[in-house]
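> To start, I am sharing the structure in question, which I have written as structure tokens.
Number of protein chains: 2
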Amino acid sequence: MQRLDEFLTTVCRDVDQRLDELIPSASTRPRRLHEAIRWSLFAGGKRFRPALLIAVGETLGATRDRLLTSAAAIEMIHTYSLIHDDLPSMDDDDLRRGRATCHVQFDEATAILAGDVLQTLAFKAIADDVVLEPDVRIGLILTISSAAGTPVGMVSGQQLDIEAEGRDASVDEILAIHSQKTGAMITAAAVSGALIAGTKSSEVESIQSYAQGLGLLFQITDDLLDITQETAVLGKTAGKDVSSRKATFPSVLGIERSREMAAELRSESGEALRRIDRDTELLNALLEYVVARSR
Amino acid sequence: MQRLDEFLTTVCRDVDQRLDELIPSASTRPRRLHEAIRWSLFAGGKRFRPALLIAVGETLGATRDRLLTSAAAIEMIHTYSLIHDDLPSMDDDDLRRGRATCHVQFDEATAILAGDVLQTLAFKAIADDVVLEPDVRIGLILTISSAAGTPVGMVSGQQLDIEAEGRDASVDEILAIHSQKTGAMITAAAVSGALIAGTKSSEVESIQSYAQGLGLLFQITDDLLDITQETAVLGKTAGKDVSSRKATFPSVLGIERSREMAAELRSESGEALRRIDRDTELLNALLEYVVARSR
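Chains C and H, in that order, are what the protein sequence lines are.
One point on numbering: in the numbering used here, the residue at position 157 of the first sequence is 157, and numbering is uninterrupted.
Counting the second sequence from 1 gives a position; the numbering used here is that position plus 1000.
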């Protein structure tokens, strides 16, 4: 879809520009810290979460100017989680987005600090976003900190994921892990877009349902890609999930049942979109984009 | 001073109670994560930063009810920084506040996640503190995130500290390290108390000067204690700074000159307090309490 391609291109450009404004330059002391942040942040990520936040916000009538800082902040939190997940004591990964992970390129201490401070800078950016009313900023910080935290957030999901490694996980477990680890922040991105647009609560609920399906779908396609694609295409170590006996949808459900579940989630998310009385073409295209990744 | 002792006792009790309310119980899943957070958070810390925030706030007319959540949030950020600083790739410390450090008692991945999520929960707590007006909450999040972040914040200070290890540091360097690593958050605690009290800006400046002196003084006394006290008294490994060739005030300035600098800072902080047209007895007592630690 041409409109989606154009949209994603402008999102990457605008979000990267905002990130560049929000992060100290690589020549600011301590240089190594800021170089490490920028190494991981500007590694050619797809900016999926910012794109979702902006797509929801613009669909519901917000201007991009009001959306960009929050979109950048969510990407900062996502990148902090990637840097820490890749550490030797966690997933111990050397490759991410096609380049050396932060602790490999720099060192472990710097990587831990770069992740730490990306989280700090994310909340600072939202608090400092003067184009938004103070109570909107508070709503965003609450939504994002709940989704990034514990219980039922990104960090609790990562802890559950680590604890499930190396043994057989149940369907309930894998759903709990991924709705927390990946799903919560994807949903928060969508809800943030709605909050900035000042959407009424019934519409926020539909957006939430759409995003919850989308988040799980995103994870299932990620898991399927890990099995079916090669390292060079993925930009991260392929087959890593299987070799480290990670709890993934294909490992628990099998490939066929995972594909069926993806189809169900696609249909549920599409249904949620039809309850929104707006032009949801862009949100639909984003859904199809996620579906298409797994083929 | 009796009043200070009583004050510190009630602060510890009230802050611990608020922390207990803000952190998921140890039986909440994932249990190991919440146990690890509580292990480090309820390890008998002195609650110096919360005490400073509350002392400033109460001196300037705020009720304790308005101060407690922010005081607890600042302690959460302090504890996150301790957990991460103690990690093998950072200071590699086994003992803290008289007990095993988080990664020793649990494991490295859990310790990283416990620190990560303490930061998240701190910002969430402030955003969710309904007794404060939204613009006060925004002011607090900005103040604290600036002090905890980079450049010129806690994380940049820690990075500078790591980079200075094992070589001779200059006086300027040691001042930069510690005004960022320790001083910034101590100053933020004091300024937060003033923000909650709705203090006028000239008074906020005096509070800031008082706290900047106090923060450096606190670090100098910490450095002196590391040399002069034993592990059992400190509750952390004594002589660690010297053995790991840390940049400390005594190592750069010598013990005598460090004591002189402490005396100068005490006098400057006391001077700043005299510019405040309130009963500053409690803040003065807090200053004397920090001075007395080094004897």
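Positions of the beta carbon are idealized from the N, C-alpha and C atoms, including for glycine.
Please name the residue or residues paired with residue 1100 (chain H) in a DSSP beta bridge.
Position 100 of the second sequence, counted from the first residue, corresponds to residue 1100 (chain H). DSSP lists H:1095 as partners of residue 1100 (chain H).
> Compare the C-beta of residue 1136 (chain H) against all C-beta atoms of chain C and say whether one is closer than 7 Å.
Reading the second sequence from its first residue, position 136 is the one you call residue 1136 (chain H). No, residue 1136 (chain H) lies away from the interface with chain C (no Cβ there is under 7 Å from its Cβ).
> Which chain C residues are close to residue 1304 (chain H), counting only those with a beta carbon under 8 Å from its beta carbon?
Since the first residue shown for chain H is 1001 and the last is 1295, residue 1304 (chain H) is missing from the structure and cannot be characterised.
> Could you check if residue 1230 (chain H) is buried or exposed, using at least 16 other CB atoms within 10 Å of its CB as the buried criterion?
By one-based count along the second sequence, residue 1230 (chain H) stands at place 230. That one is exposed.
> Taking only the alpha-carbon atoms, compute the straight-line gap between residue 1137 (chain H) and residue 1211 (chain H) and give it to the nearest angstrom.
Working through the second sequence from its first residue, we reach residue 1137 (chain H) at position 137. Working through the second sequence from its first residue, we reach residue 1211 (chain H) at position 211. Approximately 21 Å, taken between the alpha carbons.
> Contact check, residue 151 (chain C) vs residue 1029 (chain H) under 8 Å by CB: the rounded distance?
Your numbering for residue 151 (chain C) matches position 151 in the first sequence. Your numbering for residue 1029 (chain H) matches position 29 in the second sequence. Between residue 1029 (chain H) and residue 151 (chain C) the Cβ distance is about 7 Å, and since that is below 8 Å, they are a contact.
> With 16 other CB atoms within 10 Å as the buried threshold, where does residue 1046 (chain H) fall?
Position 46 of the second sequence, counted from the start, is the residue given in the question as residue 1046 (chain H). Exposed: under 16 other Cβ atoms inside 10 Å.
> Start and end of the alpha helix (DSSP H) containing residue 76 (chain C)?
Here residue 76 (chain C) is taken as the residue at index 76 of the first sequence, counted from 1. Looking at the DSSP string, the run of the alpha helix (DSSP H) that includes residue 76 (chain C) is 64–85.
> Rounded to the nearest angstrom, what separates residue 148 (chain C) and residue 281 (chain C) at their Cα positions?
Walking along the first sequence from the start, residue 148 (chain C) turns up at place 148. Walking along the first sequence from the start, residue 281 (chain C) turns up at place 281. About 29 Å.
> Quick one: is residue 1139 (chain H) buried, meaning 16 or more other Cβ sit within 10 Å of its Cβ, or exposed?
Looking up residue 1139 (chain H) in the second sequence gives position 139. Per the 10 Å Cβ criterion, buried.
> Residue 1183 (chain H) to residue 1218 (chain H), Cα distance in whole Å?
Mapped onto the second sequence, residue 1183 (chain H) falls at position 183. Mapped onto the second sequence, residue 1218 (chain H) falls at position 218. Going from the Cα of residue 1183 (chain H) to the Cα of residue 1218 (chain H) covers about 8 Å.
> Could you tell me whether the Cβ of residue 162 (chain C) comes closer than 7 Å to any Cβ of chain H?
Position 162 of the first sequence, counting from 1, holds the residue named residue 162 (chain C). Output row for residue 162 (chain C): interface = yes.
> CB residue 236 (chain C) to CB residue 95 (chain C), shorter than 7 Å?
The sequence position of residue 236 (chain C) within the first sequence is 236, counting from 1. The sequence position of residue 95 (chain C) within the first sequence is 95, counting from 1. In this structure, residue 95 (chain C) lies closer than 7 Å to residue 236 (chain C) by Cβ.
> So residue 298 (chain C) and residue 185 (chain C) are in contact, right, with Cβ under 8 Å, and what is the actual spacing, rounded?
Since the displayed chain C opens at 1 and closes at 295, residue 298 (chain C) lies outside it and no answer follows.
> Are three or more beta carbon pairs between the segment 1070–1087 of chain H and the segment 1111–1121 of chain H nearer than 8 Å?
yes
> Spell out whether any CB of chain C is found under 7 Å from the CB atom of residue 1242 (chain H).
To locate residue 1242 (chain H), count along the second sequence from 1; it is residue 242. Judged by the 7 Å Cβ criterion, residue 1242 (chain H) is not in contact with chain C.
> Give me the Cα-Cα distance between residue 41 (chain C) and residue 26 (chain C), rounded to the nearest whole angstrom.
On the first sequence, position 41 is the one that residue 41 (chain C) refers to. On the first sequence, position 26 is the one that residue 26 (chain C) refers to. Looking at the two C-alpha atoms, the distance is approximately 12 Å.
> Taking the alpha-carbon positions, what's the residue 158 (chain C) to residue 85 (chain C) distance?
The residue given as residue 158 (chain C) occupies position 158 in the first sequence. The residue given as residue 85 (chain C) occupies position 85 in the first sequence. Straight-line Cα distance between these residues: approximately 8 Å.
> Around the Cβ of residue 1263 (chain H), are there at least 16 other Cβ atoms within 10 angstroms (buried) or fewer (exposed)?
Mapped onto the second sequence, residue 1263 (chain H) falls at position 263. Exposed, because fewer than 16 other Cβ atoms sit within 10 Å of the Cβ of residue 1263 (chain H).
> DSSP on residue 170 (chain C), reduced to helix/strand/coil?
Here residue 170 (chain C) refers to the residue found at position 170 of the first sequence. It is coil, neither helix nor strand.
> Just curious, the alpha helix (DSSP H) that residue 1090 (chain H) is in, first and last residue?
What you label residue 1090 (chain H) is simply residue 90 of the second sequence in a count that begins at 1. Residue 1090 (chain H) -> no alpha helix (DSSP H), and no H or E assigned at all.
> Taking all protein chains shown into account, decide if residue 1017 (chain H) is buried (16 or more other Cβ within 10 angstroms of its Cβ) or exposed.
Within the second sequence, residue 1017 (chain H) is the residue found at index 17, counting from 1. Residue 1017 (chain H) should be labelled exposed.
> On the criterion of 16 or more Cβ atoms from any shown chain inside 10 Å, does residue 1279 (chain H) qualify as buried, or is it exposed?
Residue mapping note: residue 1279 (chain H) aligns to position 279 of the second sequence, counting from 1. Residue 1279 (chain H) should be labelled exposed.
> If you check the beta carbons only, do residue 1194 (chain H) and residue 1056 (chain H) fall under 7 Å apart?
Here residue 1194 (chain H) corresponds to residue number 194 of the second sequence, with the count starting at 1. Here residue 1056 (chain H) corresponds to residue number 56 of the second sequence, with the count starting at 1. Yes.
> Leaving out the 5 sequence neighbours to the left and right, which residues in its chain are closer than 7 Å to residue 958 (chain H) when beta-carbon positions are compared?
Outside the modelled stretch of chain H, which goes from 1001 to 1295, sits residue 958 (chain H), for which no answer is possible.
> Contact criterion: CB-CB distance below 7 Å. Does residue 181 (chain C) meet it with respect to chain H?
The sequence position of residue 181 (chain C) within the first sequence is 181, counting from 1. No, residue 181 (chain C) lies away from the interface with chain H (no Cβ there is under 7 Å from its Cβ).
> Note the first and the last residue of the continuous alpha helix (DSSP H) segment covering residue 1117 (chain H).
Here residue 1117 (chain H) is taken as the residue at index 117 of the second sequence, counted from 1. Where residue 1117 (chain H) is concerned, the enclosing alpha helix (DSSP H) stretches over 1108–1127.
> Assign residue 1163 (chain H) to one of two classes, buried (16 or more other C-beta atoms within 10 Å of its C-beta) or exposed (fewer than that).
Stepping through the second sequence from its first residue, residue 1163 (chain H) is reached at position 163. With 16 or more other Cβ atoms within 10 Å, it is buried.
> Determine, for residue 187 (chain C), whether the minimum Cβ-Cβ distance to residues of chain H falls below 7 Å.
Taking the first residue of the first sequence as position 1, residue 187 (chain C) is located at position 187. No, residue 187 (chain C) lies away from the interface with chain H (no Cβ there is under 7 Å from its Cβ).
> According to DSSP, simplified to helix, strand and coil, what is residue 29 (chain C)?
Within the first sequence, residue 29 (chain C) is the residue found at index 29, counting from 1. Reduced to three states, the DSSP call for residue 29 (chain C) is coil.
> For the alpha helix (DSSP H) containing residue 1278 (chain H), list its first residue and its last residue.
As a first step, residue 1278 (chain H) must be located in the second sequence, where it is residue number 278. Premise fails: residue 1278 (chain H) is in no alpha helix (DSSP H) and is neither H nor E.
> With H, G and I counted as helix, E and B as strand and the rest as coil, what does DSSP make of residue 134 (chain C)?
Counted from its first residue, the first sequence places residue 134 (chain C) at position 134. Reduced to three states, the DSSP call for residue 134 (chain C) is helix.
> Using a C-beta cutoff of 7 Å, does residue 1178 (chain H) count as contacting chain B?
Given the protein chain composition of this structure (C and H), no chain B is represented.
> Helix or strand or just coil, what does DSSP make of residue 1249 (chain H)?
Numbered from 1 along the second sequence, position 249 holds the residue referred to as residue 1249 (chain H). Three-state DSSP puts residue 1249 (chain H) in a helix.
> What number of angstroms, rounded off, separates the C-alpha of residue 1208 (chain H) from the C-alpha of residue 1245 (chain H)?
Along the second sequence, read from residue 1 onward, the residue named residue 1208 (chain H) stands at position 208. Along the second sequence, read from residue 1 onward, the residue named residue 1245 (chain H) stands at position 245. Roughly 31 Å separates the two Cα atoms.
> Note down, in chain order, all residues in the segment 139–162 of chain C with a beta-carbon under 8 Å from any beta-carbon belonging to chain H.
141, 142, 145, 146, 148, 149, 150, 151, 153, 155, 156, 158, 159, 160, 162
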